[in-house]
Amino acid sequence: MDDRHDLGRSLGALFRAWQLAVNDAVAGLPHGPRGYQILTTLATEPDEPTQAGLATLLGIDRTVLTYVIDDLAAADLVERRPDARDRRVRRIALTPAGDARRAELASSVALAEARLFPTLDAEEARVMRDLLARAATGVHGHDRDACAVVAEIMEDAAPVATPR
């Protein structure tokens with residue numbers, strides 16, 4: 011393998027460039043690019059994810075995510091809702107204000123992202139985005155097994171006291 015094509019190095023460079031580019035575009039949003047990722051994830055997920063599920067999906071430490079969610083909730087951008095099947099589990103939902111803020115920031119973020127691929131023409135950049143999205147879906151998408159989903163829900167549940 012040619013070292014210039016090391017996937018980890020390439021993905022790391024793109025991610026760091028994305029963070030820098032998007033940081034200015036989302037100025038004022040709690041936790042900047044990370045906060046924006048959460049808002050866009052909540053807007054596109056078919057179901058409200060659990061906090062543990064959101065941490066896994068975005069690769070954010072669960073402890074760190076708690077503080078990020080706290081700040082986004084304090085800004086009325088997201089809310090924690092009890093799970094209908096298990097009151098101990100909290101689902102994270104986008105508020106109307108959060109969805110409006112995400113939509114407001116989307117064009118600024120799109121402009122910042124457009125500068126990420128200066129060596130690609132418009133069609134190549136579109137294909138790159140499509141391929142990255144498809145690859146990411148395979149990581150945390152429809153191919154998840156039921157045991158992993160149950161484990162995720164159980165991790166979010168509060169410990170249950172056992173009678174003595």
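Note that the working numbering numbers the sequence shown so that position 118 is 128, with each residue one more than the last. Each residue gets a CB set at the ideal place from its N, CA and C atoms; glycine is no exception.
I'd like to know whether the C-beta of residue i is nearer than 8 Å to at least one C-beta of chain D.
{"i": "residue 133", "result": "Absent here is chain D; the protein component of the structure consists of one chain."}
So, using beta-carbon positions, are residue i and residue j closer together than 8 Å?
{"i": "residue 52", "j": "residue 113", "result": "no"}
{"i": "residue 105", "j": "residue 87", "result": "yes"}
{"i": "residue 40", "j": "residue 82", "result": "yes"}
{"i": "residue 48", "j": "residue 74", "result": "no"}
{"i": "residue 84", "j": "residue 72", "result": "no"}
How is the alpha helix (DSSP H) around residue i delimited, first residue to last?
{"i": "residue 17", "result": "17-35"}
{"i": "residue 48", "result": "42-54"}
{"i": "residue 72", "result": "72-84"}
{"i": "residue 63", "result": "61-68"}
Got a sec? Which residues, its chain only, sit under 8 Å from residue i by beta carbon, not counting five neighbours each side?
{"i": "residue 58", "result": "52, 91, 101, 102 and 103"}
{"i": "residue 36", "result": "42, 43, 45, 46, 115, 118 and 119"}
{"i": "residue 134", "result": "127"}
{"i": "residue 70", "result": "44, 64 and 78"}
Near residue i, which residues of its chain fall below 7 Å by C-beta distance, leaving aside the five closest residues on each side in sequence?
{"i": "residue 126", "result": "24, 27, 28 and 31"}
{"i": "residue 18", "result": "none"}
{"i": "residue 89", "result": "83, 103 and 105"}
{"i": "residue 33", "result": "42 and 43"}
Does the beta carbon of residue i fall short of 7 Å from some heavy atom of the ligand PLP?
{"i": "residue 127", "result": "This structure simply doesn't include the ligand PLP, nor any ligand for that matter."}
Buried or exposed, going by whether 16 or more other CB atoms sit within 10 Å of the CB of residue i?
{"i": "residue 149", "result": "exposed"}
{"i": "residue 152", "result": "Note that residue 152 scores a pLDDT of 48, beneath 50, so its modelled location is shaky and nothing firm can be said."}
{"i": "residue 141", "result": "exposed"}
{"i": "residue 139", "result": "exposed"}
{"i": "residue 76", "result": "exposed"}
{"i": "residue 122", "result": "buried"}
{"i": "residue 22", "result": "exposed"}
{"i": "residue 111", "result": "buried"}
{"i": "residue 54", "result": "exposed"}
{"i": "residue 66", "result": "buried"}
If you follow the beta strand (DSSP E) that residue i is part of, which residue opens it and which one closes it?
{"i": "residue 103", "result": "100-104"}
{"i": "residue 92", "result": "88-92"}
Spatial neighbours of residue i within its chain, please: C-beta separation below 6 Å, excluding the five flanking residues on both sides.
{"i": "residue 16", "result": "none"}
{"i": "residue 108", "result": "49, 87 and 88"}
{"i": "residue 64", "result": "102"}
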